[in-house]
Amino acid sequence: DTGVSQDPRHKITKRGQNVTFRCDPISEHNRLYWYRQTLGQGPEFLTYFQNEAQLEKSRLLSDRFSAERPKGSFSTLEIQRTEQGDSAMYLCASSLGGTLSGANVLTFGAGSRLTVL
Amino acid sequence: QQQVKQSPQSLIVQKGGISIINCAYENTAFDYFPWYQQFPGKGPALLIAIRPDVSEKKEGRFTISFNKSAKQFSLHIMDSQPGDSATYFCAATFTGGGNKLTFGTGTQLKVEL
Chain A
1 DTGVSQDPRH
11 KITKRGQNVT
21 FRCDPISEHN
31 RLYWYRQTLG
41 QGPEFLTYFQ
51 NEAQLEKSRL
61 LSDRFSAERP
71 KGSFSTLEIQ
81 RTEQGDSAMY
91 LCASSLGGTL
101 SGANVLTFGA
111 GSRLTVL
Chain B
118 QQQVKQSPQS
128 LIVQKGGISI
138 INCAYENTAF
148 DYFPWYQQFP
158 GKGPALLIAI
168 RPDVSEKKEG
178 RFTISFNKSA
188 KQFSLHIMDS
198 QPGDSATYFC
208 AATFTGGGNK
218 LTFGTGTQLK
228 VEL
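Chains A and B, in that order, give the protein sequences. Take the first sequence: its letter number 30 is residue 30 in the working numbering, and every next letter is one higher. Quick note: to get the working numbering, add 117 to the position in the second sequence (first position is 1).
Written out as structure tokens, the structure reads:
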């Protein structure tokens with residue numbers, strides 16, 4: 001178990017381009033979360049999955065954002081027609097889920113930093 | 118609407134001193150309050166957490182104090198060390214909320230020699 005992995009770590013793109021980020025959670029974790037963090041701010045919730053089902057999406061997740069977790073393992077976050085305001089760190093986290101002790105601990109990856117020029 | 122307010126924004130403490138970071142929440146449904154530590158270029162990592170049925174939790178040099186009636190909680194770092202220099206985030210969530218965390222805005226701590 002190597003923790004939560006995110007790829008790429010850094011992405012620079014031009015406005016209007018599409019970008020995709022990948023997250024590989026801890027293997028036994030059922031829940032997977034995406035957060036966005038801008039400089040000097042705390043992470044903001046975007047969406048989360050229970051296995052392959054996307055259970056909640058934040059209002060921050062505009063129509064240009066889409067997330068998938070097709071087989072309940074890794075997840076992708078795609079941003080279409082990027083805007084300069086999309087520049088941020090995109091963090092992925094996973095947790096066991098459920099009600100057992102420790103099930104609600106979120107383990108974060110190192111993040112994917114997006115810069116839109 | 119910011120549901121978790123954190124202060125101060127930045128903090129400088131001398132080595133060996135006590136670092137204190139405060140948070141206040143609004144949603145009375147919150148029932149789990151973790152603190153995360155983040156180093157530059159890394160994701161946040163869980164430091165310590167508390168549930169509202171206790172008023173204090175201590176793990177090594179880190180202590181959470183919780184005041185349910187005031188809807189406030191704080192992190193105390195005893196004997197602060199230069200290696201503690203990082204950004205600290207308080208957070209909150211509630212059972213049945215999918216463990217979705219609401220974070221504070223963060224406190225950048227610098228421990229000087």
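All C-beta atoms in this analysis are idealised placements derived from N, C-alpha and C, irrespective of residue type, glycine included.
- By the neighbour-count definition (other C-beta atoms within 10 Å, threshold 16), A:Asp63 is an exposed residue.
- Close to B:Pro161, with beta-carbon spacing below 7 Å, are these residues of chain A in chain order: Pro43, Phe108.
- When rounded, the separation of the alpha-carbon atoms in A:Ser73 and A:Val4 is 11 Å.
- Taking the CA atoms as reference points, B:Gln120 sits about 28 Å from A:Thr82.
- For A:Glu56, the neighbours in chain B by C-beta distance under 8 Å run, in chain order, Gly215, Lys217.
- The closest CA to that of A:Leu32, considering only A:Thr115, A:Arg113, A:Thr76, A:Gln80, is found on A:Thr76.
- The Cβ atoms of B:Gln126 and B:Tyr205 do not sit closer than 7 Å to each other.
- Counted as a single uninterrupted DSSP element, the stretch harbouring B:Met195 is not any beta strand (DSSP E), since DSSP gives it neither H nor E.
- Of the residues assessed, A:Asp86 falls on the buried side of the cut-off, its CB having 16 or more other CB atoms within 10 angstroms.
- From the listed residues A:Gly111, A:Ile12, A:Pro8, the smallest Cα separation to B:Gly158 is found for A:Gly111.
- Of the other Cβ atoms in all chains shown, fewer than 16 fall within 10 Å of the Cβ of A:Thr2; this residue is therefore exposed.
- Contact between B:Phe147 and B:Thr210 holds: their C-beta atoms lie close to 7 Å from each other, under 8 Å.
- As the crow flies, the alpha-carbon of B:Leu218 is around 14 Å from that of B:Ile165.
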